[in-house]
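2 protein chains.
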Amino acid sequence: MGISKVTASVDQTIDETMALRVVRALRDDIVTMALKPGDVISESDIAGRYGVSRQPVREAFIRLAQQGLLLIRPKRATVVKKISPEGVRQSRFIRESIEVEIIRRVAAQAGDETVAVLNGLIAEQEAAAQADDTRRFHPLDESFHRSLARLAGVEYAWQLIDDHKMQLDRVRYLTLGLSSKQRAVSEHKTIVAAVARGDVAGAEAAMRDHLSRAEVLLAQTIGDFPDYFE
Amino acid sequence: MGISKVTASVDQTIDETMALRVVRALRDDIVTMALKPGDVISESDIAGRYGVSRQPVREAFIRLAQQGLLLIRPKRATVVKKISPEGVRQSRFIRESIEVEIIRRVAAQAGDETVAVLNGLIAEQEAAAQADDTRRFHPLDESFHRSLARLAGVEYAWQLIDDHKMQLDRVRYLTLGLSSKQRAVSEHKTIVAAVARGDVAGAEAAMRDHLSRAEVLLAQTIGDFPDYFE
DNA sequence: GACCGGTATCTACCATACAAGATTGCGGAA
DNA sequence: TTCCGCAATCTTGTATGGTAGATACCGGTC
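Chains as they are written, first to last, in the numbering used here: chain A, 381 to 610; chain B, 381 to 610.
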């Protein structure tokens, strides 16, 4: 099975609580589609897999259910929630309104070191894209957008939408082929270039264009993986 | 003490799970300031108070912690989270961008029955405001805004921000005097009037004005209740 | 009197046992 | 063959005991 095995190295850790480690492992498996929408999992199942009792697993389920990744049906079963197309659209609507506002602020007050930081992130992404390393590319892409939020002084607001963004991430993971990754890097460059010029309108347009990319892919993705959607 | 006592009527209920009932009770107590920011609570304490075991209480704590109302300090204690002024500002920023977009859509396509529904809600609010019934006014105010979201076809998006809105609710509860309630009703009327005219720009302006009311009150509230804020 | 160390006692965390609802499947009746 | 009902076996929900860590208190030392 393709489930991530954190178990092996879990004897004595100085890290945090078991429940949180299970949360991270499961969330990673769900977003990367190792656990597919519709899959049924049980507390006992996961508990045995990770070598812990049902208790921490149960708490992990609660957290993930609240983030919209799991659906707990009392006394029945717990399933990996299918992706809601309508939910994806509305999540994207929210994200776009916020990120557009963010990029406007960044472009309006961009300094040299700001541009340098962003270019550094883009260089890493380019390497990952050429190596076709999807698992490494994804965090880098996220890091790029989060850095923009921090530069705009609204990192807290970014965290607010971060949870709900995972719905979008699942779709994105399905659609990320090689060309997609390279195109994403190219679009990031366009955005940073506008920021470097202090071109507010241009940066906003580039960001809207970048985010709207997923829109046209959604319908196609539903066609390719109909079982993963509601 | 002023904690809500659901316990009395909890013998055999056809309702849902105990954990969810504890969640609702605690959340209500927190938002209405029966449990004040900084108050320390423990699993055993609440468990005894509600006549259940520690297990459902623990799960309730996890849910509320993820919603930002509680702060669980492992092996130490669990406290009612203090209000973060910066968090309030950014939550308000997010809410405003979304609600402004909502009211624009509603105003652009408002029918007669739409206006009738909104006027009905306002009538109820007016009654509660004149009776100075804060505990009844609050849900009605929320219902008004939620109805707008539903009319705009983005009820799901409203649910997304609903959790984080509780931070704002706590501040609002502190500031809701009689005059505030009556002014809120008055502003709601102004909004609906613009919607009835199909006046998009007017509705947007009225909504911005309505939401910005809390902004000026935040600093004053921090001065009045410094211990409730970070 | 001020400071330091050990201990009692709190906390949340985890494991285990039991309970109750829901599903599945099997066996018998029509 | 089809359909109905009961029972074995799933699931999550709840209760309780024990564990490790953190705090607070209290007595002794300087």
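Quick reminder that beta carbons are idealized off the backbone N, C-alpha and C, glycines included. These numbers come from a predicted model, not from an experiment.
Task: Under 8 Å by beta carbon: chain B residues contacting Q470(A) - done: Result: V534, Y536, A537 and L540.
TODO: Less than 8 Å between the CB atoms is what I'm expecting for V460(B) and L450(B), so what's the real figure, rounded?
DONE: With 8 Å as the limit, V460(B) and L450(B) qualify as a contact, their Cβ atoms being about 6 Å apart.
- [ ] Inspect the CB distances between the stretch 566-582 of chain A and the stretch 491-498 of chain A and report whether three or more fall short of 8 Å.
- [x] The stretch 566-582 of chain A makes contact with the stretch 491-498 of chain A; the number of CB pairs closer than 8 Å reaches 3 or more.
TODO: Taking only the alpha-carbon atoms, compute the straight-line gap between A427(A) and A414(A) and give it to the nearest angstrom.
DONE: Between the alpha carbons of A427(A) and A414(A) lies a distance of about 17 Å.
TODO: Report the residue ranges of all alpha helix (DSSP H) runs contained in full by the stretch 551-581 of chain B; include only those spanning at least 4 residues, in chain order.
DONE: Runs of the alpha helix (DSSP H) inside the stretch 551-581 of chain B: 558-577.
Open item on the list: I'd like to check one pair, E567(A) with T590(A): are the Cβ atoms closer than 7 Å?
Closed with: Looking at the sequence itself, residue 590(A) is His, so the reference to Thr does not match. Less than 7 Å separates the beta-carbon of H590(A) from that of E567(A).
Open item on the list: Is it buried or exposed, R456(B), if we count other Cβ atoms within 10 angstroms and call 16 or more buried?
Closed with: Answer is exposed; the Cβ neighbour count stays below 16.
Open item on the list: Quick check on V437(A): does DSSP put it in helix, strand or coil?
Closed with: Here V437(A) sits in helix by DSSP.
Open item on the list: If the criterion is Cβ atoms closer than 7 Å, does the pair T412(B) and Y553(B) meet it?
Closed with: In this structure, T412(B) sits near Y553(B), with a CB-CB distance shorter than 7 Å.
TODO: Kindly indicate the opening and closing residues of the beta strand (DSSP E) around A457(A).
DONE: Its beta strand (DSSP E) spans residues A457 to V460.
Open item on the list: Less than 8 Å between C-beta atoms, sequence neighbours within five positions excluded: which residues of the same chain meet that for E693(A)?
Closed with: Residue 693(A) is absent from the structure shown; chain A starts at 381 and stops at 610.
- [ ] Within its chain, find whatever has a CB closer than 6 Å to the CB of E506(B); leave out the 5 residues flanking it on each side and keep chain order.
- [x] Cβ neighbours of E506(B) beyond the five flanking positions: V565.
Open item on the list: Which residues does DSSP list as the beta-bridge partners of R453(A)?
Closed with: A457(A), per the DSSP bridge assignment.
TODO: Going by DSSP, name the residue or residues bridged to F609(B).
DONE: Note: F609(B) is bridge-paired with I463(B) in the DSSP secondary-structure output.
TODO: With D492(A) as the anchor, note down where its alpha helix (DSSP H) starts and where it stops.
DONE: Its alpha helix (DSSP H) spans residues D492 to Q510.
TODO: Look up V420(A) in the DSSP assignment and say whether it is helix, strand or coil.
DONE: It is a strand residue.
Open item on the list: When you compare the stretch 465-475 of chain B with the stretch 576-583 of chain B, are there three or more beta-carbon pairs, one atom per stretch, that lie closer than 8 Å?
Closed with: No, the stretch 465-475 of chain B is not in contact with the stretch 576-583 of chain B.
Open item on the list: Counting only beta-carbon separations shorter than 7 Å, does R456(A) have a partner in chain B?
Closed with: Nearest CB-CB separation between R456(A) and chain B: not below the 7 Å threshold.
Task: Where A532(A) falls: helix, strand or coil (DSSP) - done: A532(A) sits in coil when the DSSP states are folded into three classes, being neither helix nor strand.
Task: Separation of S424(B) from L531(B), as counted between CA atoms - done: Whole-angstrom Cα-Cα distance: 44 Å.
- [ ] On a CA-only basis, which of L444(B), A585(B), A503(B) and R453(B) is nearest R407(B)? Give me that one, please.
- [x] The shortest C-alpha to C-alpha distance from R407(B) to any of L444(B), A585(B), A503(B) and R453(B) is the one to L444(B).
TODO: Closer than 7 Å, Cβ to Cβ, to anything on chain B: give me those residues from the stretch 511-524 of chain A, in chain order.
DONE: Answer in chain order: no residues at all.
Task: Reference I541(B); option with closest CA among A511(B), E476(B) and A440(B) - done: Ranking A511(B), E476(B) and A440(B) by Cα distance to I541(B) puts E476(B) first.
Task: Element boundaries [alpha helix (DSSP H), containing A414(B)] - done: No alpha helix (DSSP H) contains A414(B), which DSSP labels as neither H nor E.
- [ ] Helix, strand or coil for L591(A), going by three-state DSSP, please let me know.
- [x] Helix.
- [ ] Would you check if the distance between the CB atom of I502(B) and the CB atom of T458(B) is smaller than 7 Å?
- [x] Not in contact: I502(B) and T458(B) (Cβ atoms no closer than 7 Å).
Task: Cβ-based contacts, 7 Å cut-off: residues of the stretch 436-451 of chain A near chain B - done: Per Cβ criterion, the list reads E439, I442, R443 and Q446.
Open item on the list: What would DSSP say about E481(B), mapped onto helix, strand or coil?
Closed with: In the three-state DSSP reduction, E481(B) falls in the helix class (H, G or I).
Task: Contacts that E466(B) makes with chain A (C-beta to C-beta distance below 9 Å) - done: What E466(B) touches in chain A, judged by beta-carbon distance under 9 Å, is Y536, going in chain order.
Open item on the list: Using beta carbons (cut-off 7 Å, strictly below), is I463(A) in contact with chain B?
Closed with: Between I463(A) and chain B, the shortest Cβ-Cβ separation is not below 7 Å.
Task: A405(B) and E439(B) closer than 7 Å at C-beta - done: No. Outside cutoff.
Task: E584(B) in three-state terms, based on DSSP - done: In the structure shown, E584(B) sits in a helix (DSSP, three-state: H, G or I).
Open item on the list: Below 8 Å on the Cβ atoms is my contact criterion, and I expect A537(A) with I478(B) to pass it. Report the Cβ-Cβ distance as a whole number of Å.
Closed with: With a Cβ gap of about 12 Å, A537(A) and I478(B) do not count as contacting.
TODO: Label E584(A) either buried or exposed according to how many other C-beta atoms from any shown protein chain fall within 10 Å of its C-beta, with 16 as the threshold for buried.
DONE: Burial call: buried.
Task: Rounded C-alpha distance that separates G603(A) from Q446(A) - done: C-alpha separation (whole angstroms): 28 Å.
Task: is_contact[S477(A), chain B] using C-beta, thresh 7 Å - done: Taking CB atoms only, S477(A) has a neighbour in chain B less than 7 Å away.
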